[in-house]
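Residue numbers (mature numbering (1 follows the signal peptide of the UniProt record, and there is no 0)): -19 to -1, 1 to 790. The beta-carbon is built from N, C-alpha and C at its ideal position, and this holds for glycine as well. Because the structure is a prediction, the values reported are computed rather than measured. The structure under discussion appears below in the form of structure tokens.
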Amino acid sequence: MVSSRAAVLLFTWLYSVKAGPLDGYLRTEGAWIKPILKNSYVTSSDVLCADKCDSETRFTCRSFVYIQKGQECITFTDTSKTTPVQRTMDAVLYEKKLYLQECKTNNGFDYRGTMSKTASGKTCQPWASTTPHKPNITPATHPKADLVSNYCRNPDNDPNSPWCYTTDPATRWEHCSIPDCNEECIYCSGEDYRGKVSKTENGYECQRWDSQFPHTHGYLPNILPDKYLEENYCRNPDGEPRPWCFTTNPNKRWELCALPRCTSRPPEITPEVSCITGEGNAYRGTIAVTVNGKTCQAWNAQSPHKHSRTPENYPCQALENNYCRNPDGARMPWCYTTDSNTRWENCDIPKCNAEAEAEIAPPAASQDCYEDNGSGYRGFISETVSGKKCQAWASSTPHAHNKTPQNFPNADLKKNFCRNPDNDRSPWCYTIDPSVRWEYCKIDKCNIPDVSVKPSVAVPRPQKPEPTIPPVVVKPENIKDCLDGNGADYRGSVSITASGVTCQTWASNTPHVHSSFNPSTHPDKGLDANYCRNPDGDVNGPWCYTTDPAKKWDYCQIPQCDSQECGNPAVKPRRCFGRIVGGCISNPHSWPWQASLRTSFHIHFCGGTLIDPQWILTAAHCLERSTRPSAYKVYLGIQTEKALEDTKQVFDVEKLVLGPNGVDIALIKLSRPAIINKAVLPACLPKKDYMVPTGTECYVTGWGETKGTGGDGFLKETGFPVIENKVCNRPEYLAGRVKSYEMCAGTIEGGTDSCQGDSGGPLVCNMNTAFVLQGVTSWGIGCANAMKPGVYVRVSNFVDWIDATIKKN
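This is how it looks when you write it as structure tokens:
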């Protein structure tokens, strides 16, 4: 038996009193599990629900679910390690970290993980079984040792480590190889390292990930939650040979950390030898030829190309011979080639589900809204209502699930596009945020009826009696029946859910008893009559308790208010992502800030962005032809280069202002303010010094060179991810040419890019429901070339200069 002192120390380590009662739990929104045993309670908070879990006597409580809107607390005997996780609305799953961690403290007496193999790889025998070995330690003899299933345990306080009886008749028992919780080592290249080392190999102190000093960067913890960028700890978010960090030395931007490799067995994968899923990280086949027929260079060779992707640096990636692999999280398996003029190329390996994972060609028409419940939605939006990026349907990281292309072949589960495979109320997706399992998507419903006119007869579900509804207060004329943001301030009179069920009065407890949200508990939330409201700030919008006894609550379908603010076009963009070279023709006026810079003879030569009714932001090199304002014209409100549209606005130029210190940025003052309408609207400016997170999906537009990809003469768009300068400046990419006030964006394998004629135009990113101007198209090496992404002036670094120039002039 472990000493009482050791038990106290372990408890203190896991559940620090200072950290609060929920710190020992892993929290996941929108998740539910189906355990063997459970208990239900009514509590007013998740903290009280944790108390119920800790004091559970019927079974060992390993997790609980708390449902805020219903004040429901359900304690479970299982965790996501032992039972599948399901998607549910409004529930938050709390799992005790003690039962999730796969490491041991001291001899592992309190280990409660799910490892079930011994150090030599033998499968463990279930503790309750008598075959092939009759045990003398069982769940009955050691009821407090948590001898469940066949998981490794240390019920007899063995001084070495947890152990188990084996399924090998010749070996009665063996120790299990479980890493130490305090061991600072890495598996593979440290992609999953979560330790607390915060110094580099040369002794530099690491810069905090949430800091932009002394080095600015795009690895933002709140935007990249799946990378676990905590404090200033060494991490590996971008496929380096081992964890690294930005340093606190202004002269050393970043450096690798000196972390040894763990001596215990690395995580196992299921190898794929004939096809790939997702990005092909598990491919272990023998194809050694690129898409263009070039022979691959051996991974352990440094000729003709020197590189760091060696078997020593990436020990878990099976870098054998010259076989195609994906050691660093690229989009697909690749290799260095034996052609000295071609450093690397992707490999042509079939997808395991070719139809579901096929490349998406630009659609003939955009689908910006969904009908009914959106089960037939086939658009290309991949962002949730709160702005989170969707997880790919074929991926099980960070959320494991069964909504896969194989299980739902008719649901069109391609890439990470929003879909509705299970007939929910609207399209949704799993998110890349480990703490939020899923959310509905930011997609409007097509042809929403006038919800301000309520039907005279409520529409309940079939065979449900219609309760009496109190009289409805007449809505004042100045109250909007539309939403701003998530509708927390909505005070309209919609009182029917998205599925057509009448709302229950907030002050009533019939048919649903509730005390969470009523006029007394939330007097400032507008809980009048039975109107839809959002008293808890739900990201999905207003909701209500319903008059259907079988459905406690549901969301309401209320349209967003029209807005003429910056960055919110009246016509939704197609957001043609990853396919203007290789892009698609834009919807007319969907990028209403796009400007065409023209000569005095009205010939287009560069792009620009309307940022104020009388000011255009562009690239300084676009103004090299003349310093005279009279040499230029500016067109707004057009879709075609011929500019025959009735919405066209043509301007003379009053003033040219070049950027500071020779930076490739400039301002153009128009001779008069533009008329702001649905075809002409400014883009939003970013916050000062804001760094766009790596991987953010952004869009460029223009009438530039298309390199034979079609759409000449029409405004084209393309979208691609932002690439962190640290990666963009690698020798194989742009070799240190990118300045700190510039940013990179593009697909590493090429095929889509801005080009000649697009210079000076916008790179915009969708931030909090509006498009923000983050970059000015500046330069590149060729157009759409592999490993040569486009370079853009970082607008956030020049916000003060822009403001000062406009005020001065």
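Query, Result
"8 Å Cβ cutoff met for ILE48 and ASP71", "yes"
"Own chain, CB closer than 8 Å to SER407, minus 5 neighbours either side, in chain order", "TYR351, ASN354, GLY355, ASN401, TYR421, CYS422, ILE424, LYS426 and ALA479"
"C-beta atoms of GLY274 and PRO314 nearer than 8 Å", "no"
"Where GLN630 falls, given that 16 or more other Cβ within 10 Å makes a residue buried", "buried"
"N- and C-terminal bounds of the alpha helix (DSSP H) containing THR9", "Unbroken run through THR9 is the beta strand (DSSP E), 6 to 14; no alpha helix (DSSP H)."
"Expected contact under 8 Å - CB spacing of CYS557 and ILE539 to nearest Å", "That pair is no contact at about 29 Å."
"Cβ contact (3+ pairs, closer than 8 Å) linking the region 517 to 528 and the region 473 to 490", "yes"
"Within the region 696 to 761, ranges of the beta strand (DSSP E) (whole runs, at least 3 residues)", "697 to 704, 723 to 726, 743 to 748 and 751 to 760"
"For ALA239, the first and last residue of its enclosing alpha helix (DSSP H)", "Where ALA239 is concerned, there is no enclosing alpha helix (DSSP H), given that its DSSP letter is neither H nor E."
"The region 707 to 720 touching the region 562 to 580, judged by at least three CB pairs closer than 8 Å", "no"
"SER721 burial status per 10 Å Cβ neighbour count (16 or more: buried)", "exposed"
"Neighbour-count burial assignment, HIS380, 16 or more Cβ in a 10 Å radius", "buried"
"Three-state class that DSSP yields for ASN327 in the structure shown", "strand"
"Whether TYR185 touches ASN230 by CB criterion (8 Å)", "yes"
"Residues near ARG579 in its chain [Cβ-Cβ closer than 8 Å; skip 5 each side]", "HIS585, PHE586, TYR613, LYS614, VAL615 and TYR616"
"Neighbourhood of PRO206 by C-beta, 7 Å cutoff - its chain only, sequence neighbours within 5 removed", "ASP414, PRO415 and SER416"
"Alpha-carbon spacing of ARG290 relative to LEU715, whole angstroms", "18 Å"
"Extent of the continuous beta strand (DSSP E) run through TRP225", "225 to 227"
"Continuous alpha helix (DSSP H) stretch holding ASP27: start and end", "27 to 35"
"Residues that DSSP places opposite SER289 in a beta bridge", "Its beta-bridge partners do not exist; DSSP assigns none."
"Proximity winner among GLU678, SER376 and GLN755, relative to PRO702 (alpha-carbon distances)", "GLU678"
"Counted within 10 angstroms of its Cβ, other Cβ atoms place VAL28 as buried (16 or more) or exposed", "exposed"
"Residue 827 classed as buried or exposed, judged by whether at least 16 other C-beta atoms fall within 10 angstroms", "Nothing can be reported for residue 827: it is not among the residues displayed for the chain, which extend from -19 to 790."
"Own chain residues within Cβ distance below 7 Å of PRO331, not counting five before or after", "CYS256"
"Buried versus exposed call for PHE398 [16 or more other C-beta atoms within 10 Å across all chains shown]", "buried"
"Straight-line Cα distance separating GLY742 from LYS98", "58 Å"
"Candidates ASP405, SER476, ARG234 and VAL129: closest to THR69 by CA position", "ASP405"
"Touch test, the region 627 to 642 against the region 598 to 611, Cβ-Cβ under 8 Å, three pairs minimum", "yes"
"Simplified DSSP assignment, three categories, for TYR80", "helix"
"LYS445, DSSP secondary structure in three states", "For LYS445, the predicted structure reports a pLDDT of 36, less than 50, and the residue's modelled location is therefore unreliable. The matter cannot be settled from this model."
"Inter-residue Cα distance where the pair is PRO770 and HIS286", "20 Å"
"Paired residues, beta bridge with residue 835 - DSSP", "What is shown of the chain runs -19 to 790, which leaves residue 835 out entirely."
"Inter-residue CB distance, SER179 and ASN213 (contact presumed, cutoff 8 Å)", "5 Å"
"TRP659 and ASN790 closer than 8 Å at C-beta", "Per the sequence shown, residue 659 should be read as Lys rather than Trp. For LYS659 and ASN790, no; Cβs fall outside 8 Å."
"Selection from PRO667, PRO654 and HIS602 that minimises the alpha carbon distance to LEU639", "HIS602"
"Nearest-angstrom Cα separation, counted from ASN515 out to HIS503", "11 Å"
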